[in-house]
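Worksheet: the structure to be examined is printed underneath.
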Amino acid sequence: MNTDRHGQLQSKDLLGIEQLSKEDILLILDNATGFKHVVTRTVKKVPTLRGKTVVNLFFENSTRTRTSFELAARRLSADVINFDVATSSVNKGESLLDTVETIEALGADYVVIRHGSSGAHQYLGRQVKASIINAGDGQHEHPTQALLDCFTIRENKGDLAGLKVCIVGDILHSRVARSNILAMTRLGARVTLIGPPTLVPEGFRSMGADIRHDMDEGIRNADVVYMLRIQLERQGSHLLPSLKEYKQLYGLDADRMRHAKRDAIIMHPGPVNFGVELSRDAMESPQTKILDQVTNGVAVRMACMYLLRGARNVEA
Ligand code: CP
Numbered sequence: 000m001n002t003d004r005h006g007q008l009q010s011k012d013l014l015g016i017e018q019l020s021k022e023d024i025l026l027i028l029d030n031a032t033g034f035k036h037v038v039t040r041t042v043k044k045v046p047t048l049r050g051k052t053v054v055n056l057f058f059e060n061s062t063r064t065r066t067s068f069e070l071a072a073r074r075l076s077a078d079v080i081n082f083d084v085a086t087s088s089v090n091k092g093e094s095l096l097d098t099v100e101t102i103e104a105l106g107a108d109y110v111v112i113r114h115g116s117s118g119a120h121q122y123l124g125r126q127v128k129a130s131i132i133n134a135g136d137g138q139h140e141h142p143t144q145a146l147l148d149c150f151t152i153r154e155n156k157g158d159l160a161g162l163k164v165c166i167v168g169d170i171l172h173s174r175v176a177r178s179n180i181l182a183m184t185r186l187g188a189r190v191t192l193i194g195p196p197t198l199v200p201e202g203f204r205s206m207g208a209d210i211r212h213d214m215d216e217g218i219r220n221a222d223v224v225y226m227l228r229i230q231l232e233r234q235g236s237h238l239l240p241s242l243k244e245y246k247q248l249y250g251l252d253a254d255r256m257r258h259a260k261r262d263a264i265i266m267h268p269g270p271v272n273f274g275v276e277l278s279r280d281a282m283e284s285p286q287t288k289i290l291d292q293v294t295n296g297v298a299v300r301m302a303c304m305y306l307l308r309g310a311r312n313v314e315a
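Reminder that position 291 of the sequence shown reads as 290 in numbering that gives the first Met the number 0, one-by-one numbering, no gaps.
The structure is reproduced here in structure tokens:
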């Protein structure tokens, strides 16, 4: 994707970081700064998407992403429908495409989708006129999570160029890690992936990341320590020795954090497995920015919806 001369993204869809140039990412982050001012003032609304309809279609569980998209759409004055997959005709065998076409026929301008199949969004984007926004597709991408993470790092550290960002844990199954590696390397960060060889395969070096299997050595001089959730629901039992051993080798606590820079920040996409990847003392440290990430998600998602081609009103 590239930005056009009006400072809008050229695509109608947000499918992944893969499609975004460095300039696209910076455009989104810069616009999110403006929207963060909007969501922190007394009147938290702008008329940008008045008359537009956003449908949230989540085939997998979500607390942060779904609520954040809903709030972002409401702050932009759009109408919002939270489609209930559990009571829908999906349970009578209706296909994903038929479901999205039906939602579009009802007047949706944006369909925000989380689905277990990697690549489902690309297919849908070609089939419908509505803007398709990827809220997580299988183990492939979670682009708005990476954008809000980059926004949070910029807020705390300034430009990402030259920063050492360590992503720790289950890289193999993580769409968050994949989108973040793409976004952060594009912005010039030095990304180090840390975890056991079963969860951090060598193949990730081709994405421009360094790989370490020793946590203390890996996080030395880090500016950002980004902990991932151990995705118990996606593990084959052979990939982890035991949660106890994983915690000893790769869990983050205040003591281990001393290997990173003194002013390093701790991040996590949530939800956190307390006592596994993060100890309570690390969670409560002032270095931890997990709730800031959640707050920033609303402004970043407002920016994404605002910037997608064809979605903006003249009132913007
Ligand atoms: N970070 C994230 O995607 O959280 P949810 O699963 O709660 O949306």
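Built from N, CA and C at the ideal position, the CB exists for glycine as well.
Remember, predicted model here, so these are calculated numbers, not experimental data.
- Output the residues surrounding the ligand CP, defined as those with a CB atom closer than 7 Å to any ligand heavy atom, in chain order. That query returns the following residues: N60, S61, T62, R63, T64, R65, G135, H141, Q144, V175, P268, G269 and P270.
- Item | Integer Cβ distance of Y109 from G194, believed to fall under 8 Å | Contact between Y109 and G194 does not hold, since their C-beta atoms are separated by about 35 Å, which reaches or exceeds 8 Å.
- Message: Could you tell me which whole beta strand (DSSP E) segments of length 3 or greater appear in the region 53 to 138?
- Response: Entirely contained in the region 53 to 138, the beta strand (DSSP E) runs reaching 3 residues are, in chain order, 78 to 82, 109 to 114 and 130 to 136.
- Message: So, for R239: in the same chain, excluding its five sequence neighbours on each side, which residues have a beta-carbon less than 8 Å away from its beta-carbon?
- Response: Correcting the residue type first, residue 239 is Leu in the shown sequence and not Arg. P195, T197, L198, I229 and Y245.
- So does the region 43 to 62 actually touch the region 200 to 215, counting three or more Cβ pairs closer than 8 Å? By the Cβ test, the region 43 to 62 is not in contact with the region 200 to 215, since fewer than three Cβ pairs between them sit closer than 8 Å.
- Query: Alpha carbon to alpha carbon, how far is T101 from A72?
  - Reply: When only Cα atoms are considered, T101 and A72 end up about 20 Å apart.
- Item | Beta carbon of L26 nearer than 8 Å to that of G6 | In this structure, L26 lies near G6, with their beta-carbon atoms less than 8 Å apart.
- Item | C-alpha gap between M183 and M266, whole angstroms | Distance between the alpha carbons of M183 and M266 is about 14 Å.
- Query: K163 bridges to which residues according to DSSP?
  - Reply: Residue pairing by DSSP places K163 opposite R189 in a beta bridge.
- Task: Tell me, to the nearest whole angstrom, how far the beta carbon of K21 is from that of L186; I am working on the premise that it is less than 8 Å.
- Result: Their Cβ separation, rounded to whole angstroms, is 6 Å, which keeps K21 and L186 in contact under 8 Å.
- Message: Taking the beta carbon of G274 as the centre, do at least 16 other beta carbons fall within 10 Å, making it buried, or is it exposed?
- Response: By the neighbour-count rule (16 or more Cβ atoms within 10 Å), G274 is not buried but exposed.
- Give every residue of the same chain whose Cβ lies closer than 7 Å to the Cβ of F58, excluding the five residues on either side of it in the sequence, and list them in chain order. Counting only Cβ-Cβ distances below 7 Å, and skipping sequence neighbours, we find V84, R113, H114 and G115.
- Task: Determine, using beta-carbon pairs with one atom in the region 278 to 296 and one in the region 142 to 157, whether at least three such pairs fall under 8 Å.
- Result: Short answer: they touch.
- Task: Could you have a look at L251 and say whether DSSP puts it in helix, strand or coil?
- Result: Strand at L251.
- Query: What do you get for R177, buried or exposed, if any count of 16 or more other CB atoms within 10 angstroms of its CB means buried?
  - Reply: By the 10 Å Cβ count, R177 comes out buried.
- Task: Tell me whether V224 sits in a helix, a strand or coil according to DSSP, three-state version.
- Result: Of the three classes helix, strand and coil, the one that applies to V224 here is strand, per DSSP.
- Query: Can you tell which of N55, L13, D78 and R65 has its C-alpha closest to the C-alpha of T98?
  - Reply: Put simply, of N55, L13, D78 and R65 the residue whose alpha carbon is nearest the alpha carbon of T98 is N55.
- Query: For the candidate residues L227, Q247, I16 and K91, whose alpha-carbon lies nearest to that of G269?
  - Reply: Nearest Cα to G269 within the set L227, Q247, I16 and K91: L227.
- Hey, D280 and D252 are a contact pair by Cβ (cut 8 Å); roughly how many whole angstroms apart? Between D252 and D280 the Cβ distance is about 6 Å, and since that is below 8 Å, they are a contact.
- Query: Which of the three DSSP states, helix, strand or coil, is assigned to R261?
  - Reply: R261: coil per DSSP, three-state reduction.
- Message: Our contact map puts D12 next to S130 with C-beta atoms below 8 Å; I'd like the distance itself, whole angstroms only.
- Response: About 6 Å separates the two Cβ atoms, so the contact holds.
- Query: Between V175 and D209, what straight-line distance do the alpha-carbon atoms span, to the nearest angstrom?
  - Reply: Cα to Cα, V175 sits roughly 17 Å from D209.
- If you count every other CB in all the chains shown that lies within 10 Å of the CB of H36, and 16 or more means buried, which is it? The Cβ neighbour count for H36, taken over all protein chains shown within 10 Å, is under 16; the residue is labelled exposed.
- Query: For R211, which of helix, strand or coil comes out of DSSP?
  - Reply: DSSP places R211 within a strand segment (E or B) once states are collapsed to three.
- Task: May I have the straight-line CA-CA distance separating G217 from A259, to the nearest angstrom?
- Result: Rounded to whole angstroms, the gap between the alpha carbons of G217 and A259 is 9 Å.
- Spatial neighbours of G124 within its chain, please: CB distance less than 7 Å, with the 5 preceding and 5 following residues excluded, ordered by chain position. Result list for G124: D12, L14 and I131, in chain order.
- Task: Starting from the C-beta of A107, find all residues in its chain whose C-beta is less than 6 Å away, skip the five residues before and the five after it, and write them out in chain order.
- Result: Contacts found: T52, V54 and A129.
- Drop a sphere of 10 angstroms on the beta-carbon of D169, count the other beta-carbons inside from all chains shown, and report buried for 16 or more, exposed for fewer. Within 10 angstroms of the beta-carbon of D169 lie 16 or more other beta-carbons, which makes it buried.
- Rounded to a whole number of angstroms, what is the C-alpha to C-alpha distance between L242 and S278? Across the structure, L242 and S278 are spaced so that their CA atoms are roughly 13 Å apart.
- Message: What does DSSP give as the partner residue(s) for F273 in the beta ladder?
- Response: Beta-bridge partners of F273 (DSSP): L277.
- Query: Is it right to say S67 is buried, meaning 16 or more other beta carbons lie within 10 angstroms of its own, or is it exposed?
  - Reply: Note on S67: 16 or more other CB atoms within 10 angstroms of its CB, so buried under the neighbour-count rule.
- Task: Find out if the Cβ-Cβ distance for the pair F150, N30 is shorter than 8 Å.
- Result: In this structure, N30 does not lie closer than 8 Å to F150 by Cβ.
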